[in-house]
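Chains as they are written, first to last, in my numbering: chain A, 2 to 349; chain B, 31 to 407; chain Y, 27 to 159.
For glycine and all other residues, C-beta sits at the position ideal for the given N, C-alpha and C.
Each remark here refers to the structure printed beneath this line.
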Amino acid sequence: MKPNKAVGIVGYGGYIPRYRIDAAEVNRVWKDSAMPLGRSFKAVPGPDEDTATIAIQAARNAMRMAQISPEKLRAVWFGTESKPYAVKPTSTIVADAIGALPHANAADWEFACKPGTEAMQAAIAMVGSGMAPYAMCGGADTAQARPGDILEYNTGAGGASFILGEAEESLAILEASTSYVTNTPDFFRREGQPYPSHGQRFTGKPAYFHHIRAAVGELLNETGATPESFKYAVFHQPNYQFPLKVAASLGFPKEKVEPFILTSQIGNTYSGAALLGLATALDAAAPGDKILLASYGSGAGSDAFSFTVTERIEEIRSRGVSIKSYLNRTRLIDYAVYARYRGKLRMN
Amino acid sequence: MKIEIAGVGTTKSAEKWELGLLDIAIKAAGKALKDAGSVTPDAVIVANALGGALGDQQNLALHVAGGLGYSHAETYSVCCDEASGGAAVRLASALIRSGMHDTVLVVGAEKTSDALPDMLETVRSAGLDAAREASFGFSPTIAGALGMQHYLSTYHLDKEAFYHIARIAHQHGSTNRNAIFPWALDRKQYLKSPIVATPLSVCDNAPPCDGAAAAILKKGSVQTSNVCILGSANTSDRKGIVFPITSLQLPAATQSATMALKEAGSQLSDMSLMELHDANTFLAALSIEAVGLAQPGKALERAQTDDFLLTGTMPLWTFGGHKSRGLAPGASGMYQLVEAVLELRGDAGENQITNANKALVQCLGSFGAQAVTHVLG
Amino acid sequence: MQIAKSWRRQPSNLRLEGTRCTGCGQLEFPTVIRCAQCGEIEFETYQFAGKGKVIVASTVYEATRDFGEHVPYCAAIIELEEGIHLATMITDVDPADVTVGMEVEMVTRRIAAQGDNGPILYAYKFAPQLQIL
Ligand SMILES: [Zn+2]
Numbered sequence: 002m003k004p005n006k007a008v009g010i011v012g013y014g015g016y017i018p019r020y021r022i023d024a025a026e027v028n029r030v031w032k033d034s035a036m037p038l039g040r041s042f043k044a045v046p047g048p049d050e051d052t053a054t055i056a057i058q059a060a061r062n063a064m065r066m067a068q069i070s071p072e073k074l075r076a077v078w079f080g081t082e083s084k085p086y087a088v089k090p091t092s093t094i095v096a097d098a099i100g101a102l103p104h105a106n107a108a109d110w111e112f113a114c115k116p117g118t119e120a121m122q123a124a125i126a127m128v129g130s131g132m133a134p135y136a137m138c139g140g141a142d143t144a145q146a147r148p149g150d151i152l153e154y155n156t157g158a159g160g161a162s163f164i165l166g167e168a169e170e171s172l173a174i175l176e177a178s179t180s181y182v183t184n185t186p187d188f189f190r191r192e193g194q195p196y197p198s199h200g201q202r203f204t205g206k207p208a209y210f211h212h213i214r215a216a217v218g219e220l221l222n223e224t225g226a227t228p229e230s231f232k233y234a235v236f237h238q239p240n241y242q243f244p245l246k247v248a249a250s251l252g253f254p255k256e257k258v259e260p261f262i263l264t265s266q267i268g269n270t271y272s273g274a275a276l277l278g279l280a281t282a283l284d285a286a287a288p289g290d291k292i293l294l295a296s297y298g299s300g301a302g303s304d305a306f307s308f309t310v311t312e313r314i315e316e317i318r319s320r321g322v323s324i325k326s327y328l329n330r331t332r333l334i335d336y337a338v339y340a341r342y343r344g345k346l347r348m349n
Numbered sequence: 031m032k033i034e035i036a037g038v039g040t041t042k043s044a045e046k047w048e049l050g051l052l053d054i055a056i057k058a059a060g061k062a063l064k065d066a067g068s069v070t071p072d073a074v075i076v077a078n079a080l081g082g083a084l085g086d087q088q089n090l091a092l093h094v095a096g097g098l099g100y101s102h103a104e105t106y107s108v109c110c111d112e113a114s115g116g117a118a119v120r121l122a123s124a125l126i127r128s129g130m131h132d133t134v135l136v137v138g139a140e141k142t143s144d145a146l147p148d149m150l151e152t153v154r155s156a157g158l159d160a161a162r163e164a165s166f167g168f169s170p171t172i173a174g175a176l177g178m179q180h181y182l183s184t185y186h187l188d189k190e191a192f193y194h195i196a197r198i199a200h201q202h203g204s205t206n207r208n209a210i211f212p213w214a215l216d217r218k219q220y221l222k223s224p225i226v227a228t229p230l231s232v233c234d235n236a237p238p239c240d241g242a243a244a245a246i247l248k249k250g251s252v253q254t255s256n257v258c259i260l261g262s263a264n265t266s267d268r269k270g271i272v273f274p275i276t277s278l279q280l281p282a283a284t285q286s287a288t289m290a291l292k293e294a295g296s297q298l299s300d301m302s303l304m305e306l307h308d309a310n311t312f313l314a315a316l317s318i319e320a321v322g323l324a325q326p327g328k329a330l331e332r333a334q335t336d337d338f339l340l341t342g343t344m345p346l347w348t349f350g351g352h353k354s355r356g357l358a359p360g361a362s363g364m365y366q367l368v369e370a371v372l373e374l375r376g377d378a379g380e381n382q383i384t385n386a387n388k389a390l391v392q393c394l395g396s397f398g399a400q401a402v403t404h405v406l407g
Numbered sequence: 027m028q029i030a031k032s033w034r035r036q037p038s039n040l041r042l043e044g045t046r047c048t049g050c051g052q053l054e055f056p057t058v059i060r061c062a063q064c065g066e067i068e069f070e071t072y073q074f075a076g077k078g079k080v081i082v083a084s085t086v087y088e089a090t091r092d093f094g095e096h097v098p099y100c101a102a103i104i105e106l107e108e109g110i111h112l113a114t115m116i117t118d119v120d121p122a123d124v125t126v127g128m129e130v131e132m133v134t135r136r137i138a139a140q141g142d143n144g145p146i147l148y149a150y151k152f153a154p155q156l157q158i159l
């Protein structure tokens with residue numbers, strides 16, 4: 002899929018909370034055998050943070066890089082599975098904070114971990130059809146996990162935001178995008194429940210691997226590209242191994258993928274994960290580089306994108322805030338403080 | 031025209047679990063009426079800062095008048111944060127001076143113990159700037175802490191310097207049977223006291239309590255032996271906590287004291303005692319400087335001497351101040367007034383100072399943005 | 027924090043919008059209705075840049091209602107670049123590490139929530155300036 006009019010990314014920004022907990026500290030409390038191999042940490046939102054505040058900061062950083070007037074944004078779309086309000090859009094809070102209201106479409110997108118890339122496809126279509134000069138999309142989560150669940154080792158917090166605009170102003174131009182979606186209940190959270198449930202090993206082969214392979218396969222078919230065409234490839238990253246494994250099966254070598262897997266530093270940020278990976282890749286990219294992005298959302302589906310970085314990247318990127326700035330800003334906390342910050346202590 | 035204070039009364043500052051807001055107001059009023067002999071006031075003015083916000087009795091003055099059995103009294107409820115007591119007295123004076131009334135009952139009453147501490151602090155905060163300060167979690171206590179921190183760093187002092195404010199108040203309160211904390215405070219206790227907001231500790235804050243204090247004001251007769259109001263002023267200045275914290279000044283307190291003294295034809299040095307607003311030790315220090323008892327930054331130095339003791343050159347907080355006697359916010363100004371009257375009448379018992387001739391009492395509202403001063407003699 | 031009350035303050039709470047007096051140029055934050063300096067009633071919206079310096083700070087252990095979940099937190103008075111003094115909380119830093127003169131920038135945070143069913147107040151706090159790498 003590709004719009005009639007060429008579209009690209011005119012600005013991007015990410016945000017990661019300051020607090021980190023060591024997976025070994027989680028293991029100290031739960032003592033189970035599921036601890037991921039290797040040293041790993043996850044980002045924990047502070048007591049005054051939630052998905053809305055994370056999305057706002059990511060959006061501000063994207064605006065800072067894009068240097069566009071907020072009234073020119075015709076859409077502010079955020080994807081998350083940890084909405085502060087079950088009913089009431091988070092996107093209106095974000096859009097208000099960056100001054101994009103009232104002449105903008107604002108909505109929350111939901112598709113487990115991939116609503117942000119769905120919103121990206123829609124934003125591309127909106128700009129590509131000429132309906133809007135600019136559209137913002139993004140994904141952010143304060144990822145939920147049941148205490149003691151294997152997910153708890155790496156459910157992180159963070160988000161990223163992208164502003165789509167005309168190709169001539171872009172730091173990276175979209176070549177094509179595909180989606181592959183089926184009705185696969187590998188991971189879900191029922192209405193009113195605080196924590197998600199998942200199908201353990203069922204989340205692997207028939208879910209994550211099948212969908213990403215299909216979406217990327219279709220993208221390569223459609224564009225005629227091969228893994229060799231790409232400088233970098235970013236995959237949804239629920240853990241450290243899955244993206245490497247899916248990359249290898251598609252023919253992408255480790256060195257094109259591994260630098261953008263942030264799970265050992267911040268965990269799985271759900272809706273933020275693939276997008277923070279893309280932002281990190283763009284932080285490293287040079288003009289002419291091709292970047293592959295493949296998200297994954299349980300339920301299930303994958304969106305794949307191919308971008309080509311333009312000559313403008315250095316100038317535009319220098320106005321922004323690198324993901325590294327947030328990766329390097331850390332404050333380690335123990336499980337007790339983590340439990341308090343994440344509202345796991347019953348207060349009322 | 032002279033206004034005389036014909037009778038006074040207070041309740042003990044305490045947690046009065048068995049009595050409500052209206053009850054303690056009527057109790058204090060009853061004592062003042064008894065003290066004044068047989069009078070029937072033409073008007074009843076009640077000072078109360080928090081009752082309405084805490085979900086207690088509103089239009090309190092009407093209900094106090096009713097509870098006292100008056101059927102034709104003019105009533106007003108005055109709500110000026112912790113300056114309510116002083117403001118109510120000023121309003122009563124205005125009614126008498128205007129010739130509208132001859133005798134006015136003024137009651138200050140506050141019931142804090144019905145509210146949980148965090149709720150009480152929240153409601154007290156509403157006297158600050160509600161949009162900018164209170165809704166962001168700022169309270170008088172936090173403001174006091176910030177002020178204290180700025181005071182310490184500006185004047186290069188240690189936290190211990192504030193001990194002397196609390197020490198003087200507690201020393202005086204130790205012989206006041208109406209005080210909520212009637213004991214002397216030693217340095218160790220002060221330094222060990224838990225921090226509420228750095229550097230301010232529990233011992234820097236006046237303890238909230240239930241309390242009521244009342245006075246009967248009358249058109250003065252030439253030959254009266256009663257204590258009289260010689261001068262008064264109610265002044266406001268920049269609202270908000272930022273100015274006093276950053277400037278370490280209370281312009282309203284300075285101006286209000288100056289105006290009241292001028293009206294009384296008195297100098298500061300004519301005063302035999304002062305009751306200043308010690309809701310926390312920071313505001314107490316700024317008050318001392320604002321009325322002119324010390325140069326900026328020197329209040330704590332002077333507090334280290336014996337000057338402010340009952341036996342000193344300028345006794346302060348003669349019954350323990352808000353710090354030891356207790357802080358009943360809307361009634362605090364009335365307690366100060368009643369205590370000063372007792373000193374001037376020679377009825378202060380163990381807390382009596384010698385040669386009590388004139389007194390200055392000053393209460394502050396909304397973290398010093400409002401100041402009401404009365405000069406009595 | 028009733029619903030309409032936080033709603034009407036959103037421009038100042040979320041975007042740091044204040045006013046500039048068309049009469050005398052006085053800047054105010056948050057917005058005012060009448061200029062206290064010159065009496066003017068016409069204002070332009072003024073966008074504060076959201077940068078400032080700490081004047082004085084305190085670590086709060088006893089909070090008012092709705093703020094208890096955040097203790098210990100840092101309460102401070104800061105001076106904005108535009109000269110306005112503002113009472114605010116400093117976040118993303120251990121309270122004891124906040125120093126006088128520390129450069130801070132505006133962030134939007136969850137200030138307080140009214141129980142489990144009430145509205146969430148999102149508004150400004152300030153955080154140490156992020157070191158951009
Ligand atoms: Zn003006």
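Own chain residues within Cβ distance below 7 Å of residue i, not counting five before or after
i: Val-82 (chain Y); result: Ala-102, Ile-103 and Val-126
i: Ser-123 (chain B); result: Ile-33, Leu-247, Ile-259 and Ser-262
i: Ile-110 (chain Y); result: Leu-53 and Phe-55
i: Arg-19 (chain A); result: Gly-47, Arg-330, Thr-331 and Arg-332
i: Ala-108 (chain A); result: Trp-78, Pro-90 and Ser-92
i: Tyr-99 (chain Y); result: Val-86, Met-115 and Pro-121
Beta-carbon separation (whole angstroms), residue i vs residue j, contact threshold 8 Å
i: Val-182 (chain A); j: Leu-293 (chain A); result: Incorrect: roughly 19 Å between the Cβ atoms, too far for contact.
i: Leu-175 (chain A); j: Gly-47 (chain A); result: At roughly 35 Å, the Cβ-Cβ gap does not stay under 8 Å, so Leu-175 (chain A) and Gly-47 (chain A) are not in contact.
i: Leu-53 (chain Y); j: Glu-108 (chain Y); result: 5 Å
i: Ala-76 (chain A); j: Met-127 (chain A); result: 6 Å
i: Ala-386 (chain B); j: Leu-394 (chain B); result: The Cβ separation is near 23 Å, so there is no contact.
i: Glu-153 (chain A); j: Val-27 (chain A); result: 6 Å
i: Ala-122 (chain Y); j: Thr-85 (chain Y); result: 6 Å
Terminal residues of the alpha helix (DSSP H) in which residue i lies
i: Ser-277 (chain B); result: 272-277
i: Lys-246 (chain A); result: 242-251
i: Asp-377 (chain B); result: Element bounds for Asp-377 (chain B): n/a, residue is neither H nor E.
Cβ-based neighbour list, residue i, same chain, cut-off 6 Å, excluding 5 preceding and 5 following
i: Gly-322 (chain B); result: Leu-298
i: Gln-58 (chain A); result: Tyr-16
i: Gly-157 (chain B); result: Asp-111 and Ser-396
i: Met-27 (chain Y); result: Confidence at Met-27 (chain Y) is low in this model, with a pLDDT of 49, below 50, so its placement is unreliable and the value that follows should be read with caution. Gln-140 and Leu-147.
i: Ala-63 (chain A); result: Gly-12, Tyr-13, Gly-14, Ser-162 and Ile-164
i: His-199 (chain A); result: Phe-188
Closer than 7 Å: residue i CB and nearest ligand 3 heavy atom
i: Ile-10 (chain A); result: This structure simply doesn't include ligand 3; it includes ligand 1 instead.
Boundaries (first-last residue) of the beta strand (DSSP E) holding residue i
i: Lys-248 (chain B); result: 241-249
i: Ala-161 (chain A); result: 158-167
i: Ile-174 (chain A); result: 173-182
i: Gln-400 (chain B); result: 400-406
i: Asp-142 (chain A); result: 135-143
i: Asn-264 (chain B); result: 257-266
Residues near residue i by beta carbon distance below 8 Å, same chain, minus five either side
i: Ala-44 (chain B); result: Ile-210, Cys-239, Asp-240, Gly-241 and Gly-356
i: Asp-132 (chain B); result: Asp-72, Ile-126, Lys-248 and Lys-249
i: Thr-70 (chain B); result: Tyr-100 and Thr-133
Item to complete: Let me have the residue list for ligand 1: C-beta closer than 6 Å to any non-hydrogen atom, ordered along the chain.
Response: Residues flagged by the Cβ proximity filter: Y:Cys-47, Y:Gly-49, Y:Cys-50, Y:Gln-52, Y:Cys-61, Y:Gln-63, Y:Cys-64 and Y:Glu-66.
Worksheet item: Which residue spans inside the stretch 21-76 of chain A form an unbroken alpha helix (DSSP H) run of at least 4?
Response: Listed in chain order, the complete alpha helix (DSSP H) runs (minimum 4 residues) inside the stretch 21-76 of chain A are 24-31 and 52-67.
Discussion item. Please give me, in chain order, every unbroken run of the alpha helix (DSSP H) with length at least 4 that falls completely inside the stretch 171-227 of chain B.
Written reply: Taking only runs of at least 4 residues, the alpha helix (DSSP H) segments lying wholly in the stretch 171-227 of chain B are 193-203 and 217-222.
Fill in: Contained beta strand (DSSP E) runs [length at least 3] in the stretch 80-117 of chain A, N- to C-terminal order
With a minimum length of 3 residues, the continuous beta strand (DSSP E) runs that stay inside the stretch 80-117 of chain A are 106-110.
Worksheet item: In chain order, which continuous runs of the beta strand (DSSP E) of length 3 or greater are located wholly inside the stretch 260-325 of chain A?
Response: Within the stretch 260-325 of chain A, the complete beta strand (DSSP E) runs of at least 3 residues are 291-295 and 302-310.
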